[in-house]
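In our numbering, the protein residues as written are 14 to 441.
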Ligand code: SF4
């Protein structure tokens, strides 16, 4: 596979992706959605949305059955009296937070999450967070970020949350040895796998952001090198760089190839011998490549169309094209961070069509004309496309499901194969 991959990379360099920018009507969820996976990871944090009943409905329906399991999120509803300026919204918020923290004494980190309504009434949540932090520290730290959805995509909620957290990270001593920070929410099982591989490589000091507990915030400074585990963390990366940390350029750890290149980038930064790095990853990589083969017959040669939604589209497209021979018709992405995605773009098949931004009507027209075997899209587009006979996959599932790393490569392929299997079972 390596020789073939190298040829494709050369072809991609000589015929780079065609990038078109579109502006128009968009079909996206807001950043509140990120609370669902963030609150699972940060086990002593609570997310209090300051919003409307619509915001409450959004996160409750996104969280599904989890509402019965004492979730660590809630919504402080801004009522009509607040919207009309008849009530002191800050006093109300202080009361709600005091009650909440009395009821949930295990909380160590409270996020006040802004929404469209809180921004409309210009409720200053950053001042509220400072005021409440003074009141509840050292037991509870109170931070704020915006999950408002007017101009954002749903994964930007995580970016805003982690960027807020970066400001709270302790300073890494100037004399401290070089340390590695993995940035982006990963399922615990993946975090454990990655820790084992980094330890086997010989990289001793490895931290994860977000950590599992707010009491375990990693230190950051000029001796921090960080690897992004998710492609939608532009603000977080900027905040880390402002603290002196340096990003290690790499593709994202999706699929066998992406995972290997991601670990190799860290190994190079630590000047670890390439042969040793290969010996550490070889067994897991070969096992993952064998597991992927199961899905090849179902996916190879099939065409795929990505609507812009999660910002995971480019790494997913690279994986599906290079490791499972799928044909990329169009790769839509809401934003294209050219620097963070440079290594991904260089690996895409020659002349891949990338669309940045969204004009949903035009994209729907192009999708209908192309009649792809599979369309990856947001929930709002899935049912209409299915009704027209186009098989779809919800892009949000790639964020909810553990897909990074070697052991998950086959699960990632299966996520794409499943709708095609379902369609073949339904076909008569
Ligand atoms: S788009 Fe705005 S109003 Fe709607 S759920 Fe998201 S934050 Fe609330």
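Glycine included, every Cβ here is placed at the ideal spot set by N, Cα and C.
Only exposed fits residue 402, as fewer than 16 other CB atoms lie within 10 angstroms of its CB. Here residue 390 carries a strand assignment [DSSP, helix/strand/coil].
Counting along the chain, the unbroken beta strand (DSSP E) around residue 35 starts and ends at 31-36.
Relative to the non-hydrogen atoms of ligand 1, the Cβ of residue 67 comes within a distance shorter than 8 Å of at least one. Every beta strand (DSSP E) stretch that sits fully inside the region 159-239 and reaches 3 residues is listed by chain position as 192-196 and 219-222. Closest in alpha carbon position to residue 173, among 247, 423 and 186, is 247. At the C-beta level, residue 159 and residue 110 stay beyond 9 Å of one another.
Counting along the chain, residue 316 sits inside the beta strand (DSSP E) bounded by residues 316-319.
Taken in chain order, the whole beta strand (DSSP E) runs of length 3 or more contained in the region 310-392 are 316-319, 340-346, 366-371 and 387-390. Here the alpha carbons of residue 114 and residue 108 stand approximately 10 Å from one another. Under the Cβ criterion (8 Å, minimum of three pairs), the region 373-392 does not count as touching the region 295-303. Boundaries of the alpha helix (DSSP H) around residue 413: 410-413. For secondary structure counted as the alpha helix (DSSP H) over 4 or more consecutive residues, the region 98-138 holds these complete runs in sequence order: 102-116 and 129-133. Counting only runs of 3+ residues, the beta strand (DSSP E) found wholly inside the region 50-86 occupies 58-64, in chain order. Of the residues assessed, residue 150 falls on the exposed side of the cut-off, its CB having fewer than 16 other CB atoms within 10 angstroms.
DSSP places residue 273 inside the alpha helix (DSSP H), whose first and last residues are 268-282. Of the residues 73, 319, 231 and 370, the one whose Cα lies closest to the Cα of residue 38 is 370. Put simply, the backbone Cα of residue 311 is about 8 Å away from that of residue 433.
Leaving aside the five residues that flank residue 214 on each side, the residues in its chain whose CB is nearer than 8 Å to its CB run, in chain order, 276, 279, 280, 283, 285, 289, 290 and 293.
Excluding the 5 residues flanking it on each side, residue 72 has same chain C-beta neighbours closer than 8 Å at 45, 46, 48, 49, 62, 86 and 88, in chain order. Counting C-beta pairs closer than 8 Å gives three or more between the region 346-359 and the region 318-334, which meets the contact rule. Contact annotation: residue 29 and residue 363 have beta-carbon atoms nearer than 9 Å. By DSSP's assignment, residue 157 forms a beta bridge with 125. In the three-state reduction of the DSSP assignment, residue 256 falls in the coil class, being assigned neither a helical nor a strand state.
Ligand 1 never approaches residue 136 closely enough for any of its heavy atoms to be under 8 Å from the residue's Cβ. Counting along the chain, residue 405 sits inside the beta strand (DSSP E) bounded by residues 405-407. For residue 243, the secondary structure class from DSSP, reduced to helix, strand or coil, is coil. A residue is called buried once 16 or more other Cβ atoms fall within 10 Å of its Cβ, and residue 34, having fewer, is exposed. Assignment of residue 148 by DSSP, reduced to helix, strand and coil, places it in the helix class. Within the same chain, Cβ atoms closer than 6 Å to the Cβ of residue 168 are found at 245, 323 and 324, the five residues on either side in sequence being excluded. For residue 175, the closest alpha carbon among the candidates 315, 227 and 146 is that of 227.
In this chain, the alpha helix (DSSP H) harbouring residue 436 covers 422-439. According to the DSSP assignment, residue 263 belongs to no alpha helix (DSSP H), since it is labelled neither H nor E.
Residue burial annotation: residue 183 is exposed, with fewer than 16 other C-beta atoms found within 10 angstroms of its C-beta.
The Cβ neighbour count for residue 65, taken over all protein chains shown within 10 Å, is at least 16; the residue is labelled buried. When secondary structure is reduced to three states using DSSP, residue 48 falls in the helix class.
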